[in-house]
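In what follows, a single structure is set out as structure tokens and then discussed.
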Amino acid sequence: MSDLKYLSLEKLTLAYGDTVAVADLDLDIRRGELIALLGPSGCGKTTTMRAIAGLLTVKSGHVRLDGADITHVSPNKRAVGLVFQSYALFPHLSVYENVAFGLKLKGLRGAALDAKVQSGIASVGLNGFANRRPGELSGGQQQRVALARSMVMEPKVLLLDEPLSNLDARLRLEMRTELQRVQKETGVTMIFVTHDQTEALALADRIVVMKRGAIEQIGSPQDIYNRPQSSFVADFVGFENVFALEGGKLKANGGLYDLQGDVPAVAGLAWRPRMVTLGSGPFQGKVRGTSFAGEHREYLLDTPLGPIKAEVDASQPMHDLGAELAFDLPAHRAAPLASFA
Amino acid sequence: MTARNFFIPVTLFLVIAFLIGPFLIIVAASFSAGETLAFPPQGFSLRWIAKVFTVESFRASFAMSLFLAIGGTAVALMLGIPASYALSRYKLPGAEVIRTVVSAPIIVPGIIVGLALLRYIVVPFGVGITPALFLAHTALVLPYAVRVVSASLDNLRSDIEEAAVLLGSSRLGAFFRVVMPNIRGGILSAFILGFVTSFNQVPVSLFLSGPGVRTLPVDMIAYMEIVFDPSVAALSSLLAFLSIGIVFAAERFLGFSRYV
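Chains as they are written, first to last, in numbering that gives the first Met the number 0: chain A, 0 to 340; chain B, 0 to 259.
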């Protein structure tokens with residue numbers, strides 16, 4: 000068994016009744032990797048996660064984990080942990096009993112059980128909360144219990160469903176650090192599902208961007224952020240100005256436009272708002288909206304190309320609503336897109 | 000005070016008097032010292048309350064009612080809990096139809112249920128009186144069991160079962176380890192509601208009772224046809240206080256009203 004293919008999904012097809020949610024998905028995950036499944040709702044990321052956990056019957060294809068085909072292994076024998084988005088703590092049990100639940104089913108009793116439970120509770124910083132019920136804990140604390148409850152089982156893979164989305168901004172940073180620490184200390188392979196690109200970028204070793212039941216792009220956070228391969232990924236990670244190319248010209252609003260500089264032979268180009276040059280260039284636009292965002296100021300322009308979003312340093316003089324502005328979409332700054340949908 | 004302000008408290012008083020009045024009259028009548036059921040009671044004594052416990056047929060029919068209420072409700076729950084679980088957790092085809100059919104005994108008048116059971120099940124299949132009563136009471140309690148248990152299942156997240164399975168439990172184990180403990184209050188409430196419903200049931204039992212086998216309310220009616228002394232009032236008062244006591248205890252310890 001190679002560590003490069005610790006968890007492999009092979010031609011995985013998943014369906015709800017006759018509705019195919021994921022089709023022919025191939026994905027190899029290394030041992031100890033922290034993977035983000037990123038995509039909008041309905042892209043199949045949660046479905047894929049549930050299939051890895053065994054909560055969903057696989058229609059065709061295989062799931063292999065640590066050298067064994069677990070496609071048809073029942074979920075209680077997979078050694079896969081899952082931290083639910085809602086945490087799914089057992090409301091009638093204390094924190095201690097929640098963490099002990101799986102260990103007891105493994106047959107642990109007495110001092111061995113107690114030691115594991117205590118260290119599990121301590122590892123997520125909840126000493127002193129052992130006798131509380133889940134209802135008496137904050138959302139962040141509940142999530143820590145859920146994390147401890149899964150981690151004490153020493154799973155081969157830990158799955159996390161939208162681990163940060165229910166937390167407020169401050170807790171989010173804390174939990175992010177916590178997850179990275181747990182992953183580093185235990186070396187557990189982690190896969191988390193998110194619709195939030197900033198979460199994926201901040202946490203993951205590798206991001207798998209999904210769209211309509213298929214993988215759109217796999218890459219490091221830097222790859223995904225700076226070099227999106229498709230218009231979908233570009234749009235998803237904040238390239239607000241995405242255009243197709245046709246014969247080296249920009250195709251927009253039914254017309255073709257010349258760009259300055261060398262235009263690469265690709266399907267499309269994408270610019271983040273801050274990549275748009277404002278105040279000079281071959282194009283003209285009219286300011287339709289503007290908003291101050293601290294460090295910078297955002298503009299929305301009405302142009303022959305369609306709406307363009309631009310961003311300039313806040314120290315620059317402000318342009319009024321309705322002002323006519325020249326702008327440029329510099330080809331050399333754009334992200335080249337291999338596919339345009 | 001204006002006429003309008005006066006109207007509401009008076010109406011309230013009349014409604015309460017209408018609802019509670021008969022009950023108070025019966026309670027008062029049961030302490031009568033007279034020979035016949037009458038209001039206002041003549042004198043005060045506990046003799047009719049004492050007499051209740053000496054009537055042989057009351058003892059037998061009380062035992063029968065208790066057996067039907069406890070046994071019928073228990074069986075209804077054994078059928079109703081899995082049924083509620085299936086209705087609440089799976090997208091069953093025709094789930095609404097099943098819900099309606101299961102609820103039918105609440106909606107259909109007891110006389111019709113009793114007659115139908117007698118004419119089409121008890122007589123053609125030669126079912127004995129006790130099994131027939133048991134069957135009828137189970138069917139009558141089933142809707143309450145399904146409704147109350149469904150309500151508590153609907154309030155319980157289903158992902159805790161998946162969490163239990165991923166921690167090594169079987170599906171069935173997850174039901175007993177994490178579902179049952181969390182719907183225990185609902186099950187107990189369903190039991191109490193079913194018990195009281197069954198115990199106070201008259202029309203269906205009336206059709207299915209036979210020689211020597213009667214439920215307590217049916218026996219009380221039969222008794223009153225022959226003897227018109229205050230012992231029936233005394234028995235009614237005792238039963239009413241029993242019901243009140245059970246519901247009060249349930250509310251106190253379980254928060255009964257959350258489920259019903």
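Heads up, the beta-carbon is just placed ideally off N, CA and C, and yes, glycines get one too.
- Judged by beta-carbon spacing, A:Val241 lies within the 8 Å limit of A:Ala233, meaning their Cβ atoms are closer than that value.
- Within its own chain, the residues whose Cβ lies closer than 6 Å to the Cβ of B:His136, once the five positions on either side in sequence are excluded, are Leu67, Gly71, Ser197, listed in chain order.
- In the structure shown, the three-state DSSP call for A:Gln283 is strand.
- In the three-state reduction of the DSSP assignment, A:Lys115 falls in the helix class, which pools H, G and I.
- Excluding its 5 nearest sequence neighbours in each direction, B:Val51 has C-beta neighbours in its own chain below 7 Å: Phe57, Ser230, Ala233, Leu234, Leu237, listed in chain order.
- Within the segment 128-205 of chain A, the complete beta strand (DSSP E) segments of 3 residues or longer fall at 156-160, 188-193, listed in chain order.
- Between A:Leu277 and the set A:Glu297, A:Val144, A:Arg131, the nearest pair of CA atoms involves A:Glu297.
- With a threshold of 16 other beta carbon atoms within 10 Å, B:Asn4 falls short and is exposed.
- Taking a C-beta distance under 8 Å as the contact criterion, B:Ser60 and B:Arg213 qualify as a contact pair.
- Of all residues in the segment 171-199 of chain B, only Gly172, Ala173, Arg176, Val177, Pro180, Asn181, Arg183 place a beta-carbon less than 9 Å from a beta-carbon of chain A.
- Apart from the 5 residues on each side of it in sequence, A:Ser338 sits with its Cβ closer than 6 Å to the Cβ of Ser229, Ala266 in its chain, given in chain order.
- Assigned with DSSP and collapsed to three states, B:Ile191 falls in helix.
- A:Leu170 and B:Ile97 have their alpha carbons spaced roughly 46 Å apart.
- With a cutoff of 8 Å on beta-carbon distance, A:Glu239 and A:Val192 are scored as not near each other.
- In this structure A:Gly101 touches A:Val151 by the C-beta definition: roughly 7 Å separates them, less than 8 Å.
- Taking A:Thr176 as reference, the option from A:Ser149, A:Arg143, A:Ser40 with the minimal CA-CA separation is A:Arg143.
- Selection B:Glu250, B:Phe12, B:Val203, B:Asp228 evaluated against B:Pro108 yields B:Val203 as nearest (Cα-Cα).
- Exclusion of the five residues before and after A:Ser279 leaves Ala325, Asp327 as the residues of its chain whose Cβ lies within less than 7 Å of its Cβ.
- Under a criterion of Cβ atoms nearer than 9 Å, no residue of chain A is adjacent to B:Ser151; the nearest Cβ is some 12 Å distant.
- According to DSSP, A:Tyr298 shares a beta bridge with A:Thr289, A:Ala309.
- By the Cβ test, the segment 22-40 of chain A is not in contact with the segment 124-143 of chain B, since fewer than three Cβ pairs between them sit closer than 8 Å.
- Relative to the Cα of A:Asp195, the nearest Cα in the group A:Val72, A:Pro220, A:Gln179 belongs to A:Pro220.
- For A:Asn75, the nearest CB of chain B lies under 8 Å from its own CB, placing it at the interface with that chain.
- Our two residues, B:Ser169 and A:Ala110, have alpha carbons roughly 25 Å apart in a direct line.
- In this structure, the straight-line span from the alpha carbon of A:Gly66 to that of A:Ala22 is close to 23 Å.
- The alpha-carbon of B:Pro39 is positioned some 11 Å away from that of B:Val26.
- Between A:Ala313 and A:His331 the beta-carbon gap is near 25 Å, outside 8 Å, which marks them as no contact.
- In the three-state DSSP reduction, B:Leu13 falls in the helix class (H, G or I).
- Pairing B:Ser29 with B:Leu215 gives a Cβ-Cβ distance that is not under 8 Å.
- Nearest Cα to B:Glu161 within the set A:Thr12, A:Leu54, A:Tyr5, A:Asp27: A:Leu54.
- Secondary structure of A:Ala251 (DSSP, three-state): strand.
- Here B:Thr129 has Val212 as same chain residues with Cβ atoms under 7 Å from its own Cβ, once five neighbours each way along the sequence are excluded.
- Taking 8 Å as the threshold, the shortest C-beta distance from A:Ser137 to chain B does not fall below it.
- According to DSSP, residue pairing for A:Leu81 in a beta bridge involves A:Leu158.
- For B:Gly211, not one C-beta of chain A is nearer than 8 Å to its own C-beta.
- A:Lys10 and A:Val57 have their alpha carbons spaced roughly 10 Å apart.
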